[in-house]
Each structure stands twice: as C-alpha cells, then as structure tokens.
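Trainee:
Take a look at the structure:
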C-alpha cells in the first residue's frame, strides 16, 4: 500500500463521460490498496470562457484594460472547483468514498502574486488524515490561497505544479501526471517522427527541457518535484498501461547518453544595440531599465570591440516582451548612448540537454558542426553544465532539430 | 450616508452587459455617499447547467441516483462565485473600489443541511471594516460555509436570504432586492390585470404571502428581515426609479385595509382517509409516519363522526410529496385502520392575507360568500390571525382570485 497523487488535465476531464473514465482510473488505484489524492484541471474550454468573461467585464469600451487580478483569480478558480466537485460526485456514485478539497481548504498556500502565484507550502494536515482514513481527496488544481485568505491561481498549466506540491505535502510515494501524450520524448514527435519516448529522465534534465520549450510539464512543477524528490510519472489518460516516463534522480538512470533530449522554442525575439560605449557600467544602463519594465532577458552576447571604444550588444527575450523592451531602451537612449537599435522576431532557440554532457567533452562541438554542415548560422550561444542553446533563424528550426536528433543518436531504430 | 445592501438575481446578471448595468446602479449608490454590500446570484442558466452536470455525474447508468449533497454544493456554488468576481472586476474597471466575498470568506455560517442549508449567523467583521473603508463588498449569494469549513448552499432562491442576512450582519439601513418585477402586487397580475402594486407591506403579511404562493421573495428571507427588522425594498433592475414595495413594521403602515393581498398555490394535493376509527391516538398513527417520510402536511380537516365510531380525515401536501405520502399510509395501514384512501392533485389553495383582519370581524365571511356566489365549493379551510386559506378545485383558481380581488376592493381604479 502506498500513498499516491494523480493529476488529470483539462482534456482528460472535458465532459462527464471523460470524468467517469478518470474515476475508473482512480478506483483502480484504490482497489490496488493505494491511498489517493487526485488533482484536476478545469474542463477543457471552461477556463477560456471564464477568462474571456473577465476581459469583457474589464474592458467596458477600453480594450487595453486588464481585469483586477485578484478578482480574475476568483472567477477563473471556479473552473477547477466545478471539476473537483463533479469527480467527487462520480467517485461517490461508484462507491468510492471521496471529497473535494479547494485550494483554501487544503490549504495550498501561495504568494500574493495573483494570476501567477507561487506555491509556498501545502500543510495538508486534515486532508492527509482523510486520505489515511481511506477517503480519496479530489483537489482543485491551479488554485491556492494567498495571504488574507484571498483565492489565488498559479497561471496556465499550474495544475501540474499543484499535483507535485500536493504529492510532496502528503508525502506521496509518487505523483502520476496523466496527460494526452504517453510520456516525455527525446524531442517533439511532430517535428521528428523518429523521436523516442524516454523511460526515465533526471529531474535536472526535465527542468531544462521544460524551461527550454518542451511543453509536457510546467517548469515550476519539475522544480518542486526535484526539490522534494517526488518520483513523478508522465503517462497517457487514454492508454495508461502503455509507456510513461519517470522523472527520477540522476543515480537511478543507468545508461547516460551525452544528450537526452532536444528542445526548441519559437517564442524568441532578438534585439541588437549598435555601437554602445565599450566601458564599465554600460550593461547596467541597459539591463536595469529592462528589468524594471518586466522584461526577462535570456541570452546575451557582446561582440569584441573593433575600435576599442564601442561594441555591439545583442540579447533575446520572448516575443510578447519585445514591444516593452524596445520602449524601455528608447526611453533610456540618453543613458545607454547607442548609435542604432535593430530587432527581429524571426528567430528560434534550439537546445540540447543531457546530464551525460558533464562527463563527455566535445558535446557542444558536435552541435556546432552539425548545424554548420546544414548551412545554419548560429547567432547567439548560451551554455550551462547540462545544456547548450543556440539562437538561429526560425525557418531552420525543423531542419536543426532533426539533424541534431540524428547526430546525437537519439533516433528510434 | 447610510450602509445599504443591494441584491440582484440571475436575470439581472445574465451576461456581461447586464452586469455592467448592475454596476452602474451600485456606482450610483456609492456616489450618493452610501456604503454598499451587493449580493449576486449566478448568471441565468449557469445554475441549471451545473445542476445538470451533477446529475449526469451521479447517474452513471442509474437515473435515480442523486449526487452527493456536499459535492453538489461545491459545484453549484461556483455559479455565484463567478458572478461575484465579474461584478467586482466591472466595478473596479469603472473606478469603484470593490472586492468579492465568498460565503466562507464573509463568513455566512450555515447549518450542515447541504443543498438547503439555513443561515445561522453572519459575523462579517472584516467585510464590515472593508465597507466602512469605502470598498464595495460584492457577496456571492446562495452560498455559505457549513461546520467543518465545507461549502453549503441555501437552496433555490437562496440569494434573497443571503441579501437580507448580510444586511442584518452589517447593520444596513435597508436591503434593496432588485428583481424582474417592480414590487409586490395585491395578487398575481398575470391572473388579475387590475392588481395593484403595494407601496408598503408588513413583514408578517409578506411572510404569509410568500409561504402561501407569492413568488416575489423567498420565505426565509422575509423571516430574517422580520426577525432583524431590516427594511427591505423590492424593486425592478430595469426601472429602478419607478415604484417598488417596502417591507416594514406594521406600525409604519397608515391605511390598513382588511385584506392586503391574495395568494394562490397550485402545488397542492389532497388525500382522504375514509372511515378511520374516531378515537384518541388515530391522528398520531397517521401523521407520525407521514412526518417520518418527510411529508409536510399543510391543511387538515376531520369530519364530525356520523356513526360515533368512524370518521373521514382529509389533509393536503405538495404534489411532489403525494407519492411518498400514499406509500407511508399504505405501509402503516394496519395501525391506522382506514376503510379506503382517495387522493387528487386537481386542487389549489387560495388565500386572503391582511393584518387589518384582526380588527375587522366578518372578513372570512365575505370570502366564503364571494366563492359561493361563483358556485365554487370549498373543500378545506385553514385560518390564522392574518390569513384565511381555502382549498378548491384547481379549475376555479383564476375565477376565485379575481372575484376575491374585487370583493376586497383591491382592484386598481
């Protein structure tokens, strides 16, 4: 007997029939003798409808107005509340004792950053006791309670994070994330048909995969899984007995290839400041205002000065932040003293990820050579201990990902 | 400056445009210098959708199964939560500081009878402080929090009750119930076109009107208004500046006619037990099992015994309870010892209501004569200090109500 957490996303609970299917999967775990907490998202489509209403309510003739964030959370959190109640009803009707737990009831304590709150703790004493007494806990995902007992939400995809945090909070032996794919792949199978499902992936690798563009799991959920060492499985709601991928400790992975997976992101924009003074303090003059404007600068490259006095500086951010970034730079043009600014959104980031990289020198070199062989120019490079990312023209993304997938011997036989 | 409570029902908040109209009515009160709590129902249609889902979830092939009541409340309460958030967003966007308050946040403490919980107290300390600081409190109606911090709902129409209880809880000077009619009428204007809107009505009269079939306000809301002496107005969302009816103390009504209004209810069924023993204990033998079966017996009449040994006994209940009532009687046939049982649902109850009745003898007599003149047979009579109810064949309802409306001089000029 073990305590486990299960999580089902919006497509898995899209209607009552699917909720019933989810209930049978929960029942199966109960019949195996497990104690279960199950975290659910809103029914597919519900969240979009609620978000649209909040925008409509905020506008009132002004399309730029955004809704009060705290009230946005109140409205949107209703979606998961509905699913949690419906699944509890379904389970009870099937003879499985169950009750729903909303964010404030668990409680799932979060920061006060409404709309994208951060989980700070899940002191689920009462819920844990109920689970130990054999009652299935159906937890509304995506939501929590902020200081002042206000309802908060975690931002899109937050139910994954809820699930792992609940698993950690109740000391679950594992967390099963049921989704519409049957696991984590070496890369996006829509681009590379020969992509392989990974049996296991280290937390650190999954964290890089998620933050570099793989959409299987939300980054924050992987962080929490890693922090609390929660063995987390990704598996398919519709074929739960086939496959799946286990997130686990590095030590639990026997065969360590140099590269485990390849991620890409098209949500990239590049800005270059030409002929900025090559002197101390210039970086602060540029990146201070950008930080103040809420722009998350990702990659940065500064060319070697040619004349000893000025240099070119390039950095990237998400496409959604491009307008804000340009505005911040123009506002501070006097302090930065650049000659000209150019920008493009026709770029993408391709990354290779693998803990094996640490032990294998020359991994980055293979990437650069592979891309060069295909005639793909690298605009910016960024590295960490277990990943190498390059910025390239967006039109080469598929070509680059496929070439790298072959080069690192990831193709399925 | 006064503290007031306002309440808007489902049709008043049916879409974002109507919610915006509600917001302008709230804003107007704020601009008059009032401190405001506004109670809202779910958007028209939402509750029905949610209820349908709970039934679908419970059935699973068994159409008789009913959903777990506590979880039903969790699902259905989401409707009012959504409206409360949307109205708060709208008000904030219009420059009126506002926040939503859910049942558990206020708190609106209720009994544990999920699905039809009873409000037991509204110790709204924090909310009162927020209102005093000039923030509009948008309260989700229809919901509360039951012991064990579970979400509860008050049953259909419960938002009226929420509004009056909130008004009492914050010590409001008055409670304005905005609805789709412009006040309380002497009777149903769909039956009597000459029905008049009442400027004022005493709490006691309104309580009888509501419990005897008038659908303007929920009975429990009138009880709370009466208990806490909350001056309550019924007025139209769409023509708020015209008319309205004030519920107030008897003393505040100058002109007291013998009869204030006429109510009717078609939701009546009649059961007669023939030849039951005319001896002590027989009533207990009949009504004990009915109470155990959850049947609310309304009117009762026992004929004078003709043979000195047996008598006929007739009583009424709602049509929904008829099957249950007959089953209970048949189960206890041995104890009751009746010769035969007959029943019909083709009956209706017509009532005259008025506090002036106390001071005017002969009021009931006029009722009986008026009905007799129209050839309408009275099957059962029930009276209290301020009302007389009669059970008649359903087909005579409109005729009876119109005749009585004229006889008691209630017709508009």
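Residue numbers (our numbering), protein chains in the order written: chain Y, 1 to 413; chain G, 1001 to 1413. Cβ coordinates follow ideal geometry from the N, Cα and C atoms, glycine included.
Taking all protein chains shown into account, do 16 or more other C-beta atoms lie within 10 angstroms of the C-beta of residue 334 of chain Y, making it buried, or fewer, making it exposed?
Mentor: Your numbering for residue 334 of chain Y matches position 334 in the first chain. With fewer than 16 other Cβ atoms within 10 Å, it is exposed.
Trainee: If you follow the beta strand (DSSP E) that residue 1252 of chain G is in, where does it begin and where does it stop?
Mentor: One-based indexing of the second chain puts residue 1252 of chain G at position 252. Taken as a continuous stretch (DSSP letters only), residue 1252 of chain G belongs to no beta strand (DSSP E), as it is neither H nor E.
Trainee: Pairs of beta-carbons, one from the segment 80–96 of chain Y and one from the segment 1049–1061 of chain G, closer than 8 Å: are there three or more?
Mentor: The answer is yes - the segment 1049–1061 of chain G touches the segment 80–96 of chain Y, with three or more Cβ pairs under 8 Å.
Trainee: Between the segment 1143–1159 of chain G and chain Y, which residues of the former have CB atoms less than 7 Å from a CB of the latter, in chain order?
Mentor: Per Cβ criterion, the list reads 1149.
Trainee: Check whether the segment 1039–1058 of chain G and the segment 1206–1220 of chain G are in contact - that is, three or more C-beta pairs closer than 8 Å.
Mentor: Taking 8 Å as the limit for Cβ pairs, the verdict is that the segment 1206–1220 of chain G does not touch the segment 1039–1058 of chain G.
Trainee: Return the Cβ separation of residue 42 of chain Y and residue 80 of chain Y in integer angstroms, given the expectation that the two are a contact with Cβ distance under 8 Å.
Mentor: Translated into the one-based positions of the first chain, residue 42 of chain Y becomes position 42. Translated into the one-based positions of the first chain, residue 80 of chain Y becomes position 80. Yes, they are in contact, since the Cβ atoms of residue 42 of chain Y and residue 80 of chain Y sit about 5 Å apart, within 8 Å.
Trainee: Specify whether the segment 1370–1390 of chain G and the segment 1400–1408 of chain G touch according to this definition: at least 3 beta carbon pairs, one from each stretch, less than 8 Å apart.
Mentor: Yes: at least three Cβ pairs fall under 8 Å.
Trainee: I want to verify the contact list: residues of chain G whose CB lies under 8 Å from the CB of residue 50 of chain Y, in sequence order.
Mentor: Along the first chain, read from residue 1 onward, the residue named residue 50 of chain Y stands at position 50. Going along chain G in sequence order, the residues near residue 50 of chain Y (Cβ under 8 Å) are 1082.
Trainee: For residue 203 of chain Y, which three-state DSSP category applies?
Mentor: Mapped onto the first chain, residue 203 of chain Y falls at position 203. If DSSP states are grouped into helix, strand and coil, residue 203 of chain Y belongs with the helices.
Trainee: For residue 1001 of chain G, count neighbouring Cβ atoms within 10 angstroms of its own Cβ and tell me buried if that reaches 16, exposed if not.
Mentor: Walking along the second chain from the start, residue 1001 of chain G turns up at place 1. Counting Cβ neighbours within 10 Å, residue 1001 of chain G comes out exposed, since fewer than 16 surround it.
Trainee: Between the segment 130–148 of chain Y and the segment 179–188 of chain Y, can you find at least three pairs of beta-carbon atoms closer than 8 Å?
Mentor: No, the segment 179–188 of chain Y is not in contact with the segment 130–148 of chain Y.
Trainee: Go through the segment 299–381 of chain Y residue by residue and report every complete run of the beta strand (DSSP E) that reaches 3 residues or more, in order.
Mentor: If we require 3 residues or more, the beta strand (DSSP E) runs fully inside the segment 299–381 of chain Y come out as 300–302, 310–317, 340–353.
Trainee: Is it true that the CB of residue 276 of chain Y sits closer than 8 Å to the CB of residue 232 of chain Y?
Mentor: Within the first chain, numbered from 1, the residue matching residue 232 of chain Y stands at position 232. Within the first chain, numbered from 1, the residue matching residue 276 of chain Y stands at position 276. It is not a contact, given that the beta carbons lie outside the stated cut-off.
Trainee: On a Cα-Cα basis, can you pick out the residue from Y:205, Y:196, Y:271 that is closest to residue 358 of chain Y?
Mentor: As a position in the first chain, residue 358 of chain Y is number 358, starting the count at 1. The candidate whose alpha carbon is nearest that of residue 358 of chain Y is Y:205.
Trainee: Exposed or buried, what is residue 953 of chain G when buried is set at 16 or more other beta-carbons lying within 10 Å of its beta-carbon?
Mentor: With chain G covering only 1001 through 1413, there is no way to say anything about residue 953 of chain G.
Trainee: Let me know the secondary structure DSSP gives residue 143 of chain Y once reduced to three states.
Mentor: On the first chain, position 143 is the one that residue 143 of chain Y refers to. Note: residue 143 of chain Y maps to strand in three-state DSSP.
Trainee: Going by DSSP in three states, residue 1101 of chain G sits in which element: helix, strand or coil?
Mentor: Along the second chain, one-based indexing puts residue 1101 of chain G at 101. The answer is strand: DSSP assigns residue 1101 of chain G an E or B state.
Trainee: Does residue 27 of chain Y come out as helix, strand or coil in the three-state DSSP assignment?
Mentor: Here residue 27 of chain Y corresponds to residue number 27 of the first chain, with the count starting at 1. Helix at residue 27 of chain Y.
Trainee: For the beta strand (DSSP E) that residue 1217 of chain G lies in, which residues bound it at each end?
Mentor: Position 217 of the second chain, counted from the start, is the residue given in the question as residue 1217 of chain G. Run containing residue 1217 of chain G: none; DSSP gives neither H nor E here.
Trainee: Using a beta-carbon distance cut-off of less than 9 Å, what residues from the segment 1094–1116 of chain G approach chain Y?
Mentor: Here the close residues are 1094, 1098, 1099, 1100, 1102, 1104, 1105.
Trainee: Between the Cα of residue 77 of chain Y and the Cα atoms of Y:281, Y:166, Y:156, which residue gives the shortest distance?
Mentor: In the first chain, the residue the question calls residue 77 of chain Y occupies position 77. Nearest option by C-alpha distance: Y:156.
Trainee: Under 8 Å, with one C-beta from each stretch per pair, do the segment 1234–1250 of chain G and the segment 1379–1397 of chain G reach the 3-pair mark?
Mentor: No: fewer than three Cβ pairs fall under 8 Å.
Trainee: For a contact meaning CB atoms closer than 8 Å, what does residue 1090 of chain G contact in chain Y?
Mentor: Indexing the second chain from 1 puts residue 1090 of chain G at position 90. Within 8 Å Cβ-Cβ: 57, 58, 60.
Trainee: With which residues is residue 1177 of chain G paired in a DSSP beta bridge?
Mentor: Working through the second chain from its first residue, we reach residue 1177 of chain G at position 177. Looking at the DSSP assignment, residue 1177 of chain G forms a beta bridge with G:1007, G:1234.
Trainee: List the DSSP bridge partners of residue 1185 of chain G.
Mentor: The residue given as residue 1185 of chain G occupies position 185 in the second chain. G:1197.
Trainee: DSSP three-state call for residue 265 of chain Y: helix, strand or coil?
Mentor: On the first chain, position 265 is the one that residue 265 of chain Y refers to. The answer is strand: DSSP assigns residue 265 of chain Y an E or B state.
Trainee: Could you list the residues in the segment 174–207 of chain Y with a C-beta less than 7 Å from some C-beta on chain G, going in chain order?
Mentor: For the segment 174–207 of chain Y, which is checked against every Cβ of chain G, not one residue is closer than 7 Å.
Trainee: Kindly identify the DSSP beta-bridge partner or partners of residue 1414 of chain G.
Mentor: Look at the range of chain G in this structure, 1001 to 1413, and you will see that residue 1414 of chain G is not part of it.
Trainee: Check whether chain Y comes within 8 Å of residue 1071 of chain G, counting only Cβ atoms and requiring the distance to be less than that.
Mentor: The residue labelled residue 1071 of chain G in the question sits at position 71 within the second chain. For residue 1071 of chain G, the answer is yes, since a Cβ of chain Y falls inside 8 Å of its Cβ.
Trainee: Inspect the beta-carbon positions of residue 322 of chain Y and residue 269 of chain Y and report whether they are closer than 8 Å.
Mentor: Against the first chain, residue 322 of chain Y aligns to sequence position 322. Against the first chain, residue 269 of chain Y aligns to sequence position 269. Against a cut-off of 8 Å, the Cβ pair of residue 269 of chain Y and residue 322 of chain Y comes out as a contact.
Trainee: To the nearest angstrom, how far is the alpha carbon of residue 71 of chain Y from that of residue 1099 of chain G?
Mentor: Reading the first chain from its first residue, position 71 is the one you call residue 71 of chain Y. Reading the second chain from its first residue, position 99 is the one you call residue 1099 of chain G. Each residue's alpha carbon lies about 7 Å from the other.
Trainee: Could you give the C-beta distance for residue 5 of chain Y and residue 163 of chain Y, rounded to a whole number, given that I count them as a contact under 8 Å?
Mentor: Position 5 of the first chain, counting from 1, holds the residue named residue 5 of chain Y. Position 163 of the first chain, counting from 1, holds the residue named residue 163 of chain Y. Correct: roughly 6 Å between the Cβ atoms.
Trainee: Quick check on this structure: which residue in Y:152, Y:388, Y:391, Y:412 has the alpha carbon closest to the alpha carbon of residue 453 of chain Y?
Mentor: A question about residue 453 of chain Y goes unanswered here, because the residues of chain Y that appear run from 1 up to 413.
Trainee: Within 10 angstroms of its Cβ, does residue 1109 of chain G collect 16 or more other Cβ (buried), or is it exposed?
Mentor: For the purposes of this step, residue 1109 of chain G is taken as residue 109 along the second chain, with counting starting at 1. Per the 10 Å Cβ criterion, buried.
Trainee: Which residues does DSSP list as the beta-bridge partners of residue 39 of chain Y?
Mentor: Within the first chain, the letter at position 39 stands for residue 39 of chain Y. Answer by DSSP bridge pairing, in chain order: Y:7, Y:139.
Trainee: Apart from the five residues on each side of it in sequence, which residues of its chain come closer than 6 Å, Cβ to Cβ, to residue 104 of chain Y?
Mentor: Your numbering for residue 104 of chain Y matches position 104 in the first chain. Counting only Cβ-Cβ distances below 6 Å, and skipping sequence neighbours, we find 145.
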